[in-house]
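Residue numbers (the UniProt record's numbering): 1 to 101.
Glycine included, C-beta positions come from ideal geometry on N, C-alpha and C.
Quick caveat: nothing in here was measured; it's all calculated off a predicted structure.
Notes follow once the structure below has been shown.
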C-alpha cells in the first residue's frame, strides 16, 4: 500500500473554496480505486496550511489513477475549479508507506 500525502498552501481568505475542492476530490479518488483519508483544514496555528491523504494498493495503481484522472470530465472540472478560484497557492506531494497495528 502507498499513501499520498499532500501539503497545501492555501489562500486563507478562500478556505471555503478549498473545502469545496476537497469535498469534490474525495469521491473521485475512491471512484478510481483509492481510499481517501480526508482533507484537513486549518484550525489552530497556521491559517494557510491544509493537508490531504489517500491510499492506493500500489504505486502502479496510483499512477493508473493519475493517468485516468487527466481524462475524466469530473476530475478536469475539479482541477478547473481550483484554478478559477485560486484557492491553492502551492502544494507538495509525498508518498508514504503506512504501518498498521
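Where residue 59 falls: helix, strand or coil (DSSP): helix
Confirm, please, whether the CB-CB distance from residue 33 to residue 65 is below 8 Å. yes
Whole-Å CB distance - residue 39 paired with residue 52, under 8 Å assumed: 5 Å
Using a threshold of 8 Å, state whether the C-beta atoms of residue 54 and residue 4 are closer than that. yes
Could you give the DSSP three-state label for residue 99: helix, strand or coil? coil
Which residues mark the beginning and the end of the beta strand (DSSP E) in which residue 7 is found? 2-10
Is residue 50 buried or exposed, if buried means 16 or more other CB atoms sit within 10 Å of its CB? buried
Run the CB neighbour count on residue 95, radius 10 Å, all protein chains shown included, and call it buried at 16 or more, exposed below. exposed
Out of curiosity, what's the CA-to-CA distance linking residue 41 and residue 12? 10 Å
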